[in-house]
Amino acid sequence: MRPHDDRGRTATRRAPFENPRGVSAIRRSGQYAYVIVRFGGSASGGEEVRVFAHLADAGISLNLLKLFPGGMAFVVEEGDSSETAEIIRRLEHEASVVPSVAMVCIEAANMRGMHGVMNRIAAALLAERIEIYQVGDAP
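Count along the sequence shown from 1, then add 9; that gives the number in the numbering used here.
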């Protein structure tokens with residue numbers, strides 16, 4: 010719906026300070042693995058920090074980190090997935106690895122207030138039988 014002025018006329022031009030809206034780029038990157046960590050029964054709190062420290066010491070970088078009660082999930086370079094799982098198991102936690110995942114970055118400007126954008130993106134991916142493991146956004 011377009012805005013109307015006090016005479017009922019429809020605005021047809023963008024204000025000079027308004028940025029264009031919509032998707033400007035779509036990028037697929039990398040060969041990644043999705044790692045799900047479930048903390049063992051002996052977990053005493055602060056397990057996330059222990060996992061972070063051990064993975065950092067091994068030079069393993071994490072992306073799309075998600076914390077949840079009793080565990081966490083994140084993405085690592087696929088070549089680091091076996092070492093990541095082994096480190097987690099040495100810490101007495103369970104590690105599940107989903108290999109061969111990609112990150113898709115959709116760049117869009119001025120999308121605040123546009124409803125249903127993620128729905129359309131998810132529907133397009135799912136129509137192609139592309140499983141979605143995690144979604145994130147940034148302001």
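For each residue, glycine too, the CB sits at the ideal point set by N, CA and C.
Item, Value
"Would you list the one or two residues that DSSP bridges to G31?", "A118"
"By Cβ distance below 6 Å, which residues in the same chain neighbour V84 in space, the five residues on each side in sequence not counted?", "Y41, Y43, N72 and L73"
"Helix or strand or just coil, what does DSSP make of V144?", "coil"
"Which of the three DSSP states, helix, strand or coil, is assigned to A94?", "helix"
"Leaving out the 5 sequence neighbours to the left and right, which residues in its chain are closer than 6 Å to R30 when beta-carbon positions are compared?", "N119"
"Note down the Cα distance separating K186 from V60, rounded to an integer number of angstroms.", "Residue 186 is absent from the model: the chain starts at 10 and stops at 148."
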